[in-house]
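> In UniProt numbering, the protein residues as written are 1 to 161.
Using N, Cα and C, we set each Cβ at its ideal position, and we do this for glycine too.
1. Between residue 79 and chain C, is there a C-beta pair that is closer than 7 Å?
2. How many Å lie between residue 20 and residue 50 at the Cα?
3. So, are the CB atoms of residue 152 and residue 118 less than 7 Å apart?
4. Kindly indicate the opening and closing residues of the beta strand (DSSP E) around residue 40.
5. According to DSSP, is residue 100 helix, strand or coil?
6. So, with DSSP's three-state summary, where would you put residue 82?
7. So for residue 126, helix, strand or coil by DSSP?
8. Given this structure, state the Cα-to-Cα distance separating residue 158 from residue 87, to the nearest angstrom.
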């Protein structure tokens, strides 16, 4: 199964200047819980936004740079198709960004795990629109802002119709 996992604002904002716009510890915990032990597919800029590779996951990095070198254990490819082909066929694959990779993945994904952050910040990277004729919302869990979370947010799970 191919799953897109993202946190996007009400206006679909994902990030600005290759960084997240918010800090939501419970979203990070959910991301870690869902993706640990799996292949995670991302664009080069998303990979470079991490201080180091995420533990207990196989990183598949998509870049057009022919001489790109990644840390040991990371796989570098030049297209989304090659990234998917690199992953084991019988395992869950997670698409973790960025905006361009999400856009390319919408037509091949089976599921979307989305954290909808209830704010409308300025951004330069956006999540694609979710077409209700292609996707069914099957899970929704609201979380109000608190001392650790500056914004209300909702965990949403969509499956392809």
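For this structure:
1. Of the protein chains in this structure there is only one, and it is not chain C.
2. 11 Å
3. yes
4. 39–43
5. helix
6. helix
7. strand
8. 22 Å
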